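Residue numbers (the numbering used here): 1 to 254. Presented below is the structure to which this report refers.
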C-alpha cells in the first residue's frame with residue numbers, strides 16, 4: 001500500500017505543479033492494471049475529492065476496458081477556458097451521458113439495456129487531454145491508466161433528453177480548431193456506449209472499498225470515448241465540437 005501512496009502523491013504533485021514526472025520515486029511505478037486502478041483511487045482518497053463523472057473506453061485486444069474518475073474541479077460547462085500553460089492542449093470529441101438513477105455495485109451484473117434505462121440525458125463533450133509524464137505519447141498503458149487515462153478536464157455542452165439520440169453509431173461530428181474545421185470521422189470506438197456503462201458499473205465493485213461502496217450515482221456524467229482520435233489546439237483559438245442533432249461544446253486555452 002505504501003507503493004500506491006507514493007505513486008499517487010507523485011502524480012498529484014505533477015498535476016498541481018504542471019511539472020512533468022520523469023519517473024516514479026522509490027520504485028513505486030505501477031506494474032499491473034490493478035495497481036493502476038489502486039493509484040487512481042488513492043488520488044481521490046488523498047485529495048478527499050468528489051467524483052462527479054467518469055471516462056470509460058473499450059480497451060483493445062491486448063488491454064481490458066479502461067476508466068478513470070473525474071472530480072468536480074475538472075468538470076466544466078461549455079463554453080469554458082483552460083490555462084495556456086498546459087503542455088499538450090490535446091482535445092477529443094465525445095458523447096457523454098448523465099445518469100438519472102443509481103447503478104450500485106451490489107445490484108449487478110448489469111447489461112446494456114439496464115444501463116440505458118438508468119441514463120437520463122445526453123450531451124456533447126470535449127475531453128481535454130494532458131499527461132503528467134515527460135514522455136508523450138505514454139508508451140506504457142499501465143502508466144497512462146494510473147494517470148487517469150491522461151484526463152485533464154471534461155467540458156460538457158447542453159444536455160438533452162436521451163430520447164433525442166436516434167442512432168448513436170450514425171452520428172456525424174465535426175471539430176473546429178480556430179479556422180480549421182474537420183470531420184470527426186474516426187467513428188465511435190466502443191460499439192455500444194451503454195455496454196461500456198454497464199461494464200463500468202460492474203467494474204467499480206472490484207475497486208477499493210470507497211469506490212465500490214459509491215458505485216455509479218444519479219447525476220454522474222459518463223463520457224464514452226473519442227470520435228476524432230486526438231487533435232492538438234493552439235493558444236487562443238476557439239475549439240468547437242459539434243454533433244449533428246445533439247449540439248456542441250466549446251473550449252479555449254488562454
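Just so you know, even glycine gets a beta-carbon here, dropped at the ideal spot from N, CA and C. All figures in this text were calculated on a predicted structure; none of them were measured in a lab.
- DSSP places residue 183 in the uninterrupted beta strand (DSSP E) bounded by 180-183.
- Restricting attention to alpha helix (DSSP H) runs no shorter than 4 residues, the segment 54-103 encloses none.
- Rounded to whole angstroms, the gap between the alpha carbons of residue 39 and residue 75 is 20 Å.
- If you look at residue 26, you'll find it isn't in any beta strand (DSSP E); DSSP assigns it neither H nor E.
- Using a Cβ-Cβ distance cut-off of 8 Å, the segment 134-151 and the segment 101-110 are not in contact, since fewer than three pairs of beta carbons, one from each stretch, lie closer than that value.
- When DSSP states are grouped into helix, strand and coil, residue 188 belongs to the coil group.
- With contacts defined by Cβ atoms closer than 9 Å, residue 220 and residue 54 form a contacting pair.
- By the C-beta criterion, the segment 34-48 is judged not to be in contact with the segment 120-133, since fewer than 3 inter-stretch pairs fall below 8 Å.
- Rounded to whole angstroms, the separation of the alpha carbons of residue 3 and residue 60 is 27 Å.
- Within 10 angstroms of the beta-carbon of residue 16 lie fewer than 16 other beta-carbons, which makes it exposed.
- When secondary structure is reduced to three states using DSSP, residue 105 falls in the helix class.
- The secondary-structure analysis by DSSP pairs residue 223 across a beta bridge with 55, 96.
- Inter-residue distance for residue 34 and residue 72 is about 24 Å (C-alpha atoms, whole angstroms).
- Of the candidates 153, 70, 195, 195 places its Cα closest to the Cα of residue 168.
- Each of 19, 93, 5, 113 was checked against the Cα of residue 232, and the nearest Cα belongs to 93.
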